[in-house]
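J.: This structure is in structure tokens; I'll ask about it shortly.
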Amino acid sequence: MKLRSLPVPAPLKKKIAVCADFHSVNRKMPVDKALSLLASASPDLILFPGDIFSLIGKKDVRECFNENGFSLLKGAAGLAPCFFSPGNHECGISPENRSAIEALGVTVLDNEFVKRGEMVIGGLSSGYRLPKSAFDSPPDPEPGFLERFAETPGYHILLCHHPEYWPRFVCGRGIELTAAGHAHGGQWRIFGRGVFAPGQGLFPRYTSGIYGQGEDLLAVSRGMTNSVPWIPRFFNPCEILLLSLSPEASS
Ligand SMILES: [Fe+2]
Numbered sequence: 042m043k044l045r046s047l048p049v050p051a052p053l054k055k056k057i058a059v060c061a062d063f064h065s066v067n068r069k070m071p072v073d074k075a076l077s078l079l080a081s082a083s084p085d086l087i088l089f090p091g092d093i094f095s096l097i098g099k100k101d102v103r104e105c106f107n108e109n110g111f112s113l114l115k116g117a118a119g120l121a122p123c124f125f126s127p128g129n130h131e132c133g134i135s136p137e138n139r140s141a142i143e144a145l146g147v148t149v150l151d152n153e154f155v156k157r158g159e160m161v162i163g164g165l166s167s168g169y170r171l172p173k174s175a176f177d178s179p180p181d182p183e184p185g186f187l188e189r190f191a192e193t194p195g196y197h198i199l200l201c202h203h204p205e206y207w208p209r210f211v212c213g214r215g216i217e218l219t220a221a222g223h224a225h226g227g228q229w230r231i232f233g234r235g236v237f238a239p240g241q242g243l244f245p246r247y248t249s250g251i252y253g254q255g256e257d258l259l260a261v262s263r264g265m266t267n268s269v270p271w272i273p274r275f276f277n278p279c280e281i282l283l284l285s286l287s288p289e290a291s292s
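Using the numbering used here, you'd call the opening residue of the sequence shown number 42 and step up by one each time.
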């Protein structure tokens, strides 16, 4: 896992860490490595746009295969304000698990938003609020709150696990920065391009780095761990993104 810095043009100066796709499981996970990278980056905010846990709709967030993800959030909450939005592996979030995460000081954004100074921070949850087997085709998210979110004055930052949602549901609304994961960098990268991503298929468009021009930008993390350990990554290191927002930056 590496820290990857990317400049982002914005009217404010902030350092934002994006921690996506930790895919907590019941084996040795690089929690300490992730926390030391975050500490070295001194971010102003830490975003967790989904797939930190496994199935927290049903299982306790503090136990078994979720335990490493919970330790990650706990440690990160001691470093900077943290925001979490559910991904497809979280299949929704139970009220008990939401309370446990919030007790760490982490703000949970489940199709909702909050105002923090000059920033408005929202979370568009995965449409998979049940396990994938419950759906015949990929379910859409619930973007109803995005209109109120975009109309609220401030610099808008949206956590949105699925980058493929961005062109359909997010881009064009005046939401300046969206942070996503899910694509795992395309698993193998050839000539700087990913090969396959869930939700986008072969030769996916949104897998790594900054997309968009002008006001609406999408930042896609390649993910913190290899979610499918028996399928190796090629030319695609795991990462924490560090977005450096400033008026002088060019993407
Ligand atoms: Fe995902």
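Note that CB positions come from ideal geometry on N, CA and C, so glycine has one too.
(1) Please classify phenylalanine 232 as buried or exposed, where buried requires at least 16 neighbouring CB atoms within 10 angstroms.
(2) Do the region 69 to 78 and the region 200 to 207 touch if we need at least three Cβ pairs shorter than 8 Å?
(3) Can you grab the Cα-Cα spacing for the pair leucine 47 / serine 262, in whole Å?
(4) Could you give the first and the last residue of the continuous alpha helix (DSSP H) run that contains glutamate 137?
(5) Throw me the rounded Cβ distance for the aspartate 85 and aspartate 62 pair, which I believe falls under 8 Å.
(6) Terminal residues of the continuous alpha helix (DSSP H) containing arginine 103?
(7) Excluding the 5 residues flanking glutamate 192 on each side, which residues of the same chain have their C-beta closer than 6 Å to its C-beta?
(8) Should the region 267 to 287 be called in touch with the region 221 to 228, which here means at least 3 C-beta pairs below 8 Å?
(9) According to DSSP, is tryptophan 207 part of a helix, a strand, or is it coil?
(10) Could you check whether the Cβ of aspartate 73 sits closer than 7 Å to any heavy atom belonging to ligand 1?
(11) Among Ser291, Glu289, Leu284, which has the Cα closest to the Cα of lysine 55?
(12) Let me confirm a value: alanine 144 is counted as buried when at least 16 other C-beta atoms fall within 10 Å, else exposed. Which label applies?
(13) Rounded to whole angstroms, what is the Cα-Cα separation between leucine 171 and proline 50?
(14) How close, in whole Å, do the beta carbons of isoleucine 281 and valine 59 come, if the pair is a contact with beta carbons under 8 Å?
(15) Return the first residue and the last residue of the beta strand (DSSP E) that lysine 56 is part of.
(16) Any idea if alanine 175 is buried or exposed, counting beta-carbon neighbours within 10 angstroms, 16 or more meaning buried?
T.: Taking the structure as given:
(1) Residue mapping note: residue 232 aligns to position 191 of the sequence shown, counting from 1. Looking at its Cβ environment, which holds fewer than 16 other Cβ atoms inside 10 Å, phenylalanine 232 is exposed.
(2) Of all C-beta pairs linking the region 69 to 78 to the region 200 to 207, fewer than three are shorter than 8 Å, placing the two stretches out of contact.
(3) For the purposes of this step, residue 47 is identified with residue 6 of the sequence shown, where counting begins at 1. For the purposes of this step, residue 262 is identified with residue 221 of the sequence shown, where counting begins at 1. So the two alpha carbons sit approximately 11 Å from each other.
(4) As a first step, residue 137 is located in the sequence shown; it is residue number 96 there, counting from the start. Looking at the DSSP string, the run of the alpha helix (DSSP H) that includes glutamate 137 is 136 to 143.
(5) In the sequence shown, the residue the question calls residue 85 occupies position 44. In the sequence shown, the residue the question calls residue 62 occupies position 21. Not really, about 22 Å apart at Cβ, beyond 8 Å.
(6) Indexing the sequence shown from 1 puts residue 103 at position 62. Per DSSP, arginine 103 belongs to no alpha helix (DSSP H) and is neither H nor E.
(7) Mapped onto the sequence shown, residue 192 falls at position 151. Excluding positions up to five away in sequence, the list is empty.
(8) Verdict: yes, contact present.
(9) One-based indexing of the sequence shown puts residue 207 at position 166. Reduced to three states, the DSSP call for tryptophan 207 is helix.
(10) The count along the sequence shown starts at 1 and reaches residue 73 at position 32. Because no heavy atom of ligand 1 lies under 7 Å away, the Cβ of aspartate 73 does not count as near it: no.
(11) Position 14 of the sequence shown, counted from the start, is the residue given in the question as residue 55. The shortest Cα separation from lysine 55 among Ser291, Glu289, Leu284 belongs to Leu284.
(12) What you label residue 144 is simply residue 103 of the sequence shown in a count that begins at 1. Counting C-beta atoms within 10 angstroms of its own C-beta, alanine 144 has fewer than 16 neighbours from the protein chains shown and is therefore classed as exposed.
(13) The sequence position of residue 171 within the sequence shown is 130, counting from 1. The sequence position of residue 50 within the sequence shown is 9, counting from 1. Going by the C-alpha atoms only, they are around 37 Å apart.
(14) Residue numbering aside, residue 281 sits at position 240 when the sequence shown is read from its first letter. Residue numbering aside, residue 59 sits at position 18 when the sequence shown is read from its first letter. Yes, they are in contact, since the Cβ atoms of isoleucine 281 and valine 59 sit about 7 Å apart, within 8 Å.
(15) Looking up residue 56 in the sequence shown gives position 15. Lysine 56 -> beta strand (DSSP E) spans 55 to 59.
(16) The residue given as residue 175 occupies position 134 in the sequence shown. Here alanine 175 is exposed: its Cβ has fewer than 16 other Cβ atoms, across all protein chains shown, within 10 Å.
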